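In this note's numbering, the protein residues as written are 36 to 525.
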């Protein structure tokens, strides 16, 4: 195998096969991942691609060097769902003239984008190299970077788009091999199935590049009238602006293959005259919650912030790194059943790893080669985690042989484990213990127990355990009174 591939193999949705990865330019490995549409707080399903492609970003930086990887993840801040949310949340202010719709939209997008950044940071994710916002790439830019209006104009000039009843539509029939990613051809696409059917379309599968805005709606000036872009053209513009006409990897959720990614490919290839948009297409699998499809009607729709900050799932709050590990315990291409049981398993596993890693005074300078090799096989996290579990066992055995001396030199397994955890986005800083807060929590729990409020008492125990504090109930040998002691378990 050529050294240029660094041993990395990735599953390419475009070819439905696992392939050796050879970057177009090893000095600048380029990755684009579809980011959030900021009309509402990100839900737990949105967390999966963010975490998966964060691991890919980390691995690519390890293999090719931090300065040689460009990771772009966009923010979609122009969308009809955002308009609806702004009217819902600020309708009275808009009606009374206190706010314009544009001001209301800005409030919605700023609030949700800020929460998204807070959430993904809690999940242990690195910031992308670039995070463009769609609204910054609608009109021609002073810096000359690709914009949506110019891209649409180019598609019209090349015979791949047409104007009809105020809209600009992509002509799918103008692209003979349209549908390669999803393996759908135009003949197989039934009118009304996942595509809008309108009389002004040449073909049922033709999709909107530009649509007119009413005076009350946000809009930009264009050769086709004041309007706003379609969803798909946004990513075509932003990826080209920072990664070029053809780049290495495009990622996102399985649900984006059609129509979003299929239409991105059509726009980009036809506008630039290229054979591909991205060499490799990666997609993470679907997520269920406790065996059911996540939906608000079933009451199992959970935002990331709810899981982090409230007790709506399993009766407790969950640390971000526990959510992260639970996501990575299933291979990224497989469906995942997000459950309390899986979170508890992740929490216990992480606690064991951290206790073993704490036996090393410092992290190793090099990552365990077996872990990097596992991740290089299409992000095989399960195999990588087996390496971590083996290192944890070796670290504990070494410590026992050294008589429990945590400062004993030579615990290479613990040092490698600590380096691996840090690389994977987990906090390896020794836990700080607030003894006063623990004493207050224990006193409150004892009072709840005496009152027979076992559910609330158990919640306090679980919250402390999530912080690495394990409680032990017993009796005072002298007075016979019920007492509770504690120890740090990581």
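Virtual Cβ for every residue (Gly too), placed ideally from N, Cα, C.
Since the structure is predicted, the reported quantities are computational estimates derived from the model, not experimental observations.
| Check | Outcome |
| --- | --- |
| Which residue from 51, 43 and 40 puts its Cα closest to that of residue 368? | 51 |
| In angstroms with no decimal places, state the Cα-to-Cα distance between residue 321 and residue 338. | 16 Å |
| Please tell me whether residue 323 and residue 372 are closer than 7 Å, where the distance is taken between their beta carbons. | yes |
| Is DSSP giving residue 110 helix, strand or coil here? | strand |
| Taking C-alpha atoms, which residue in 503, 461, 519 and 456 lies nearest to residue 480? | 519 |
| Please check the pair residue 318 and residue 48, which I expect to be a contact at CB under 8 Å, by giving their CB distance rounded to whole angstroms. | 5 Å |
| Could you pull out every residue in the same chain whose Cβ sits closer than 7 Å to the Cβ of residue 360, ignoring the five residues on either side in sequence? | 381, 384 and 385 |
| Where residue 228 and residue 294 are concerned, what is the direct C-alpha to C-alpha distance, given to the nearest angstrom? | Legend: pLDDT at residue 228 = 43, less than 50; position of this residue unreliable, no value from coordinates given. |
| Beta-carbon within less than 8 Å of residue 170's beta-carbon, same chain only, minus the 5 sequence neighbours each way: which residues are those? | 112 and 113 |
| Compute the Euclidean distance between the alpha carbons of residue 105 and residue 461, then round it to the nearest angstrom. | 22 Å |
| Can we say the stretch 58-71 touches the stretch 134-141, given the rule of at least three CB pairs closer than 8 Å? | no |
| Can you give me the Cβ contacts of residue 465 inside the same chain, cut-off strictly under 7 Å, excluding the 5 residues immediately before and after it? | 393 |
| Could you give the residue range of the alpha helix (DSSP H) that holds residue 317? | Careful: residue 317 lies outside any alpha helix (DSSP H), inside the beta strand (DSSP E) at 313-319. |
| With a cut-off of 8 Å, do at least 3 Cβ pairs link the stretch 294-308 to the stretch 343-360? | no |
| When the distance is taken between beta carbons, is residue 430 closer than 7 Å to residue 391? | yes |
| For the beta strand (DSSP E) containing residue 151, name the first residue and the last one. | Counting along the chain, residue 151 falls outside any beta strand (DSSP E), though it belongs to the alpha helix (DSSP H) covering 136-157. |
| Which same chain residues end up closer than 6 Å to residue 453 when comparing Cβ atoms and leaving out the 5 residues on each side of it in sequence? | 392, 395, 398 and 463 |
| Please classify residue 513: is it buried, with 16 or more other beta-carbons within 10 angstroms of its beta-carbon, or exposed? | exposed |
| Helix, strand or coil for residue 502, going by three-state DSSP, please let me know. | coil |
| What is the DSSP secondary structure of residue 40, counted as helix, strand or coil? | helix |
| Quick check on this structure: which residue in 185, 252, 253 and 199 has the alpha carbon closest to the alpha carbon of residue 271? | 185 |
| Looking at the unbroken beta strand (DSSP E) that takes in residue 324, where does it start and where does it end? | 322-324 |
| Tell me whether residue 230 sits in a helix, a strand or coil according to DSSP, three-state version. | Residue confidence for residue 230 is low, a pLDDT of 47 falling below 50, so the modelled location carries little weight; the figure read from the coordinates is stated next. Of the three classes helix, strand and coil, the one that applies to residue 230 here is coil, per DSSP. |
| Below 8 Å CB to CB, which residues in the same chain sit around residue 269 once its five sequence neighbours on both sides are set aside? | 109, 111, 113, 169, 172 and 183 |
| Quick check on the burial criterion: 16 or more other C-beta atoms within 10 angstroms. Buried or exposed for residue 298? | buried |
| Thinking residue 2 and residue 455 are a contact (beta carbons under 8 Å), I'd like their distance in whole angstroms, please. | With the chain covering only 36 through 525, there is no way to say anything about residue 2. |
| Enumerate in chain order the residues of its own chain whose CB-to-CB distance from residue 70 is below 6 Å, with the five nearest sequence positions on each side excluded. | 108, 109 and 110 |
| If I follow the unbroken beta strand (DSSP E) through residue 199, where does it start and stop? | 196-199 |
| Report yes if the C-beta distance between residue 148 and residue 73 is below 7 Å; otherwise report no. | yes |
| Rounded to the nearest angstrom, what separates residue 457 and residue 364 at their Cα positions? | 17 Å |
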